[in-house]
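The opening residue of the sequence shown carries number 0 in numbering that gives the first Met the number 0; numbering runs sequentially from there.
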Amino acid sequence: MDAKNHYHNNNNTSANSANSYHGNSGHMCAAAAPSPPPMTATKCQSFGSTTTPSMAAAVGRVQYIYELPYNCRKQLCDLLDADQSWRQLGGQYMNLNDTSLTLISHALIRNSSPTNELLTKWETSAAKVSQLFVFLAQMGHKRAMFILRPYVEQRLRQLCPDVDCDEDNYDLSAIQAVAAAMNPSNQMQNNLFLDNNGKHFEQNSTKYDSTQLMTEKKILNKNLNDLDTNLNHNNLNNSNPMNELNDEKQTHCDKSDNKGDKCSADTNCDEMEVPYKELLIATDDFAKDRVLGNGGFGTVYKGEWKGTNVAIKRLKGFNDKSQALTELRVLNRYRIDNILPIYGVSLDGVEPCLVYQYMPNGSLEDRLLCKAGTKPLEWSQRINIGEGIARALNYLHTLKGNAFVHGDVKSANVLLDPLFEPKLGDFGLARQVNSGSGLYTHCTVSAVHGTSVYLPFEYLRQRILSPAVDVYSYGIVLLEMATGKRAFDGKRLLIDFIEDEIKATEKDGNKDHTKLLDKRIADGNESVNWFECLLDLGRKCAHRSKNRRPPMIQVLEYYNQYKTSERIRRLSAEASNHKKNTISISKSN
0 MDAKNHYHNN
10 NNTSANSANS
20 YHGNSGHMCA
30 AAAPSPPPMT
40 ATKCQSFGST
50 TTPSMAAAVG
60 RVQYIYELPY
70 NCRKQLCDLL
80 DADQSWRQLG
90 GQYMNLNDTS
100 LTLISHALIR
110 NSSPTNELLT
120 KWETSAAKVS
130 QLFVFLAQMG
140 HKRAMFILRP
150 YVEQRLRQLC
160 PDVDCDEDNY
170 DLSAIQAVAA
180 AMNPSNQMQN
190 NLFLDNNGKH
200 FEQNSTKYDS
210 TQLMTEKKIL
220 NKNLNDLDTN
230 LNHNNLNNSN
240 PMNELNDEKQ
250 THCDKSDNKG
260 DKCSADTNCD
270 EMEVPYKELL
280 IATDDFAKDR
290 VLGNGGFGTV
300 YKGEWKGTNV
310 AIKRLKGFND
320 KSQALTELRV
330 LNRYRIDNIL
340 PIYGVSLDGV
350 EPCLVYQYMP
360 NGSLEDRLLC
370 KAGTKPLEWS
380 QRINIGEGIA
390 RALNYLHTLK
400 GNAFVHGDVK
410 SANVLLDPLF
420 EPKLGDFGLA
430 RQVNSGSGLY
440 THCTVSAVHG
450 TSVYLPFEYL
460 RQRILSPAVD
470 VYSYGIVLLE
480 MATGKRAFDG
490 KRLLIDFIED
500 EIKATEKDGN
510 KDHTKLLDKR
520 IADGNESVNW
530 FECLLDLGRK
540 CAHRSKNRRP
550 PMIQVLEYYN
560 QYKTSERIRR
570 LSAEASNHKK
580 NTISISKSN
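Here it is, written out as structure tokens:
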């Protein structure tokens with residue numbers, strides 16, 4: 000393996016567990032992530048060199064971890080691999096647990112770099128070079144800081160002067176102040192770095208010998224106001240999967256439908272608003288026995304409101320009401336059979352709350368996993384669910400003027416009504432994109448949100464949000480229904496597992512893929528036909544190239560064609576059986 004491929008061999012990403020109001024969530028896992036974009040061959044400075052004008056210009060070109068030049072990233076990885084300081088970086092500053100660090104350490108077995116896998120895992124949250132620089136400063140790793148020095152702003156460079164960088168010549172208080180300015184809440188990671196219980200690990204501060212530190216404080220003003228405001232507004236907290244995409248660039252992006260805390264005229268917030276005290280009564284003061292599910296978004300409760308069973312999502316961790324209003328606007332405006340009905344919103348309480356129609360059959364994820372001892376979904380039900388989700392997405396993607404992208408399609412966000420009809424919910428990340436002259440025009444966002452194991456390469460690495468992102472996520476859901484497996488099993492992505500199994504099978508000239516079939520339900524030949532339908536369509540939709548994924552209108556046509564061929568097959572089988580019975584009767588006579 001050559002050096003460049005060595006640092007592009009990414010095997011880890013993270014996934015928030017399903018955030019459904021009928022399922023448990025918050026589990027942290029490390030999955031195989033798509034490779035980052037090719038690193039440029041820009042040379043990295045050597046130790047002991049001085050900062051040049053070209054280095055100063057690097058700050059404007061490189062902002063995120065994945066934008067680092069190849070040679071610089073390799074030099075950094077070699078350095079942190081050599082002294083194993085990547086473990087301290089990942090565990091103490093990125094809040095990874097021991098299990099995640101152990102999995103990352105297995106990179107050595109694969110002749111890969113643990114540091115590179117750690118950075119690959121972190122960069123999916125739009126992590127910035129400046130944040131990594133501060134982490135290294137807190138660790139006291141000045142040689143690593145010096146590698147990144149050309150790619151941070153001038154004020155941060157003073158933490159590691161280009162002269163005598165190996166000496167302890169910077170002030171710890173300055174480092175701590177900059178770290179605080181970059182992350183006031185001291186919660187530097189998003190759900191990618193939760194432990195297995197969905198809780199952040201406690202971060203221990205690094206101890207320094209104060210006698211080794213000088214009192215150089217040129218980096219600080221009295222109030223730190225002259226630090227780049229982007230350090231406050233575009234920090235890692237913006238990577239919370241439930242935060243609204245409010246950092247989007249204006250290129251190809253229509254933000255007319257996102258007005259902060261203000262309701263648009265057609266939302267009728269006054270009519271939709273529910274007093275918080277009514278929700279307290281409906282849920283017995285949000286009693287624990289009313290909980291339907293927990294997640295990074297908050298908690299969902301079952302309630303009885305105005306004589307009707309409802310699901311009440313109680314949001315948490317937000318400084319404003321934009322999340323609730325975004326979902327309210329979308330769900331209230333676009334009411335079709337396969338989009339989850341919303342009854343109201345509460346904005347006058349401690350946390351914003353959303354009130355939905357109650358879905359007694361829970362989430363698709365729960366039913367595929369047969370939680371609470373429920374029966375596995377029949378194949379005909381799975382096909383119907385897949386078609387229903389496609390109808391909802393096709394409606395959103397083909398809206399006149401600007402298409403809507405859901406942004407977080409997953410089995411946990413598909414709810415099932417009493418007849419197992421699917422309802423697509425959780426529109427907190429929905430965003431309009433300018434349709435222009437083509438279906439797959441896009442907007443470019445500054446941070447990636449959603450559940451990473453359901454997201455495609457162009458969104459995770461290039462932050463390109465388009466309807467094709469939903470198509471990819473939809474494809475993963477179909478593969479879940481075909482196999483009965485999770486999108487990520489703790490070791491590998493489902494899409495990678497399926498493709499590897501199919502390649503291995505077809506290498507031997509065998510086209511039979513039924514060993515991938517969900518064994519919990521089997522109906523003979525009919526079962527194989529349904530399975531092949533979901534598997535084939537799922538692979539098409541989850542294609543690595545967004546231009547190869549079919550638009551949802553073609554997906555619906557695929558279902559129509561399949562149902563037609565299935566009816567013909569059944570009629571043919573019935574006719575054949577009738578003929579055999581007739582011949583058998585005539586012979587017996």
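For every residue, glycine included, the Cβ atom is placed at its ideal position computed from N, Cα and C. A quick note: this is a predicted structure, and the numbers were derived from the prediction, not measured.
Legend entry - Separation of P351 from A323, as counted between CA atoms: Inter-residue distance for A323 and P351 is about 6 Å (C-alpha atoms, whole angstroms).
Inset, instruction - Might you give, ordered along the chain, the residues of its own chain that have their beta carbon closer than 8 Å to the beta carbon of P417, omitting 5 neighbours on each side? - result: Correct list, in chain order: P359, N360.
Legend entry - Same chain only: Cβ atoms within 7 Å of N528, ignoring 5 sequence neighbours per side: Taking N528 as the centre and dropping the five residues before and after it, the same chain places the C-beta of E565 closer than 7 Å to its C-beta, in chain order.
Inset, instruction - Please list, in chain order, all residues of the same chain as Y558 whose beta carbon is under 6 Å from its beta carbon, the five residues on each side excluded. - result: Cβ neighbours of Y558 beyond the five flanking positions: E386.
Inset, instruction - To the nearest angstrom, report how far apart L423 and N337 are at their CA atoms. - result: Straight through space, the alpha carbons of N337 and L423 are spaced by roughly 6 Å.
Inset, instruction - Taking only the alpha-carbon atoms, compute the straight-line gap between M241 and G508 and give it to the nearest angstrom. - result: Summary for M241: the model assigns pLDDT 31, below 50, so the residue's position carries little reliability, and this model does not support an answer.
Inset, instruction - Report all residues from its chain with a CB closer than 6 Å to the CB of A126; omit the five preceding and five following residues, and keep chain order. - result: Correct list, in chain order: I64.
Inset, instruction - Would you list, in sequence order, the uninterrupted alpha helix (DSSP H) runs of no fewer than 4 residues that lie entirely inside the stretch 505 to 570? - result: Note on the stretch 505 to 570: whole alpha helix (DSSP H) runs with a minimum of 4 residues are 523 to 540, in chain order.
Inset, instruction - Leaving out five residues on either side along the sequence, give the residues of the same chain with a beta carbon under 6 Å from the beta carbon of Q249. - result: Because Q249 sits at a pLDDT of 34, beneath the cut-off of 50, its placement in the model cannot be relied upon, and the following sentence gives the value as read from the coordinates. Sequence-distant partners of Q249 (beyond 5 residues in either direction) whose C-beta falls short of 6 Å from its own C-beta are missing from its chain.
Inset, instruction - Under the assumption that Y595 contacts V309 (Cβ atoms under 8 Å), give the Cβ distance between them as a whole number of angstroms. - result: Outside the modelled stretch of the chain, which goes from 0 to 588, sits residue 595, for which no answer is possible.
Inset, instruction - For L513, I'd like the list of residues in its chain whose CB is within less than 8 Å of its CB, leaving aside the five on either flank, ordered along the chain. - result: It should be pointed out that residue 513 corresponds to Thr in this sequence rather than to Leu. Excluding five sequence positions before and after T513, the CB atoms of its chain that fall closer than 8 Å to its own CB belong to V527, F530, given in chain order.
Inset, instruction - For the alpha helix (DSSP H) holding E364, just list the boundary residues, first then last. - result: Run containing E364: 363 to 367, per the alpha helix (DSSP H) assignment.
Inset, instruction - Run through the stretch 265 to 345 for me and flag every whole beta strand (DSSP E) of 3 or more residues, listed as ranges in chain order. - result: Runs found: 290 to 294, 297 to 304, 307 to 314, 341 to 345.
Legend entry - V133 versus L155, R142, E122, P149, residue with shortest Cα-Cα distance: Residue L155 holds the alpha-carbon nearest to the alpha-carbon of V133 among L155, R142, E122, P149.
Inset, instruction - With distances taken Cα to Cα, identify the nearest neighbour of R538 among R72, D517, L478, S465. - result: Relative to the Cα of R538, the nearest Cα in the group R72, D517, L478, S465 belongs to L478.
Legend entry - N401 - DSSP class collapsed to helix/strand/coil: Residue state, collapsed to three classes: strand.
Inset, instruction - Mind checking who T443 pairs with in its DSSP beta bridge? - result: Answer by DSSP bridge pairing, in chain order: I463.
Inset, instruction - Please list, in chain order, all residues of the same chain as W121 whose beta carbon is under 7 Å from its beta carbon, the five residues on each side excluded. - result: Here the set comprises I64, M93.
Inset, instruction - With DSSP as the reference, please indicate the residues paired to K490 in a beta bridge. - result: BP columns for K490 are empty, so no partner.
Legend entry - Where K127 sits in the DSSP three-state scheme: In the displayed model, K127 falls within a strand according to three-state DSSP.
Legend entry - Per-residue DSSP class, three states only, for L353: Strand at L353.
Legend entry - Residue interval of the beta strand (DSSP E) (run including K120): Not the beta strand (DSSP E): K120 falls in the alpha helix (DSSP H), residues 113 to 122.
Inset, instruction - On a CA-only basis, which of N115, K579, A572, D535 is nearest L75? Give me that one, please. - result: Of the listed residues, the one whose Cα sits closest to L75 is N115.
Inset, instruction - Going by CA-CA distance only, name the one from L314, R366, L118 that's closest to G348. - result: Selected option, being the one with the closest Cα: L314.
Inset, instruction - Indicate the three-state DSSP secondary structure (helix, strand or coil) for V413 in the structure shown. - result: If DSSP states are grouped into helix, strand and coil, V413 belongs with the strands.
Inset, instruction - Drop a sphere of 10 angstroms on the beta-carbon of S465, count the other beta-carbons inside from all chains shown, and report buried for 16 or more, exposed for fewer. - result: By the neighbour-count rule (16 or more Cβ atoms within 10 Å), S465 is buried.
Inset, instruction - Mind checking which residues open and close the alpha helix (DSSP H) that includes K141? - result: Note, K141: alpha helix (DSSP H), 141 to 147.
Legend entry - Where V452 sits in the DSSP three-state scheme: Helix, per DSSP.
Inset, instruction - Let me know the secondary structure DSSP gives K422 once reduced to three states. - result: Here K422 carries a strand assignment [DSSP, helix/strand/coil].
Inset, instruction - Apply the 10 Å Cβ neighbour rule to D82 and answer buried if 16 or more other Cβ atoms are within range, or exposed otherwise. - result: It counts as exposed.
Inset, instruction - Spell out a yes or no on whether the stretch 560 to 576 and the stretch 399 to 412 are touching, meaning 3 or more CB-CB pairs, one atom from each, closer than 8 Å. - result: The stretch 560 to 576, when compared against the stretch 399 to 412, does not touch it at the 8 Å Cβ threshold.
Inset, instruction - Take L244 and list the residues in its own chain whose beta-carbon comes closer than 8 Å to its own, dropping the five residues that flank it on each side. - result: For L244, the pLDDT reaches just 31, beneath the cut-off of 50, and the residue's location in the model is therefore unreliable, although a value from the coordinates is still provided. G406, L428, R430, V444, A446, H448, L464.
Inset, instruction - Taking only the alpha-carbon atoms, compute the straight-line gap between W85 and V61 and give it to the nearest angstrom. - result: If you draw a straight line from the Cα of W85 to the Cα of V61, it comes to about 22 Å.
Inset, instruction - Could you check what DSSP says for Q431 in three-state terms: helix, strand or coil? - result: In the structure shown, Q431 sits in a strand (DSSP, three-state: E or B).
Legend entry - Extent of the continuous alpha helix (DSSP H) run through E386: For E386, the enclosing alpha helix (DSSP H) starts and ends at 378 to 396.
Legend entry - First and last residue of the uninterrupted alpha helix (DSSP H) at L95: Annotation for L95: no alpha helix (DSSP H) segment contains it, and DSSP assigns it neither H nor E.
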